[in-house]
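Below: the structure, in structure tokens.
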Amino acid sequence: MSTLAELPAVAECSVAGCSYNDHSSCHAAAVTIGGAGDAQCATFIPLGVKGGLDRVVSHVGACQRQDCSHNSHLECAAPSVRIGAGHDIADCLTYTSR
Numbered sequence: 001m002s003t004l005a006e007l008p009a010v011a012e013c014s015v016a017g018c019s020y021n022d023h024s025s026c027h028a029a030a031v032t033i034g035g036a037g038d039a040q041c042a043t044f045i046p047l048g049v050k051g052g053l054d055r056v057v058s059h060v061g062a063c064q065r066q067d068c069s070h071n072s073h074l075e076c077a078a079p080s081v082r083i084g085a086g087h088d089i090a091d092c093l094t095y096t097s098r
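To convert, note that position 59 of the sequence shown is 59 in full-length UniProt numbering; the numbers rise steadily by one, no gaps.
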């Protein structure tokens with residue numbers, strides 16, 4: 001992958017308490033998936049003020065989960081990802097361990 005458009009899109013975000021969430025769409029330009037025990041959305045910000053861009057389909061900018069089967073050189077190779085409640089408030093629900 002070489003451009004932002006080629007990175008997997010965030011197809012859905014069901015985390016209503018995130019500042020980047022607008023009607024189940026992520027408005028961050030890109031999200032980072034991290035976490036030590038589970039695949040947390042490290043971009044999650046629990047503020048009352050909405051943030052992000054007006055019109056954007058968010059992408060996965062970085063994946064720090066080397067144990068995920070979709071991880072290829074710290075980039076996500078899944079066709080798209082879903083963010084929602086898992087172990088934490090905002091997790092990558094597409095995460096699959098190797």
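Ideal Cβ placement from N, Cα and C applies to all residues, glycine included. Fair warning: this is a prediction, and the values are worked out from it, not measured in the lab.
With distance defined between alpha-carbon atoms, name the residue in I45, H87, T94, A29 nearest to G37. Along the sequence shown, one-based indexing puts residue 37 at 37. When each option's Cα is compared against that of G37, the closest is H87.
Distance check for S80 and S25, CA to CA, integer angstroms please. Position 25 of the sequence shown holds residue 25. Position 80 of the sequence shown holds residue 80. A direct Cα-Cα distance of roughly 13 Å separates S25 from S80.
Taking 8 Å as the threshold (C-beta atoms), are A39 and I45 in contact? Stepping through the sequence shown from its first residue, residue 45 is reached at position 45. Stepping through the sequence shown from its first residue, residue 39 is reached at position 39. Not closer than 8 Å, so no.
Among residues of its own chain, excluding the 5 on either side of V57, which ones have a beta-carbon nearer than 6 Å to its beta-carbon? For the purposes of this step, residue 57 is taken as the residue at position 57 of the sequence shown. Within the same chain, V57 has close Cβ partners A9.
Can you give me the C-alpha to C-alpha distance between Q66 and H73, rounded to a whole angstrom? Along the sequence shown, read from residue 1 onward, the residue named residue 66 stands at position 66. Along the sequence shown, read from residue 1 onward, the residue named residue 73 stands at position 73. Computed Cα separation, rounded: 8 Å.
Would you call R49 buried or exposed, if buried means 16 or more other Cβ atoms sit within 10 Å of its Cβ? To locate residue 49, count along the sequence shown from 1; it is residue 49. For the record, residue 49 in the displayed sequence is Val; it is not Arg. The C-beta of V49 has fewer than 16 other C-beta atoms within 10 Å across all chains shown, which makes the residue exposed.
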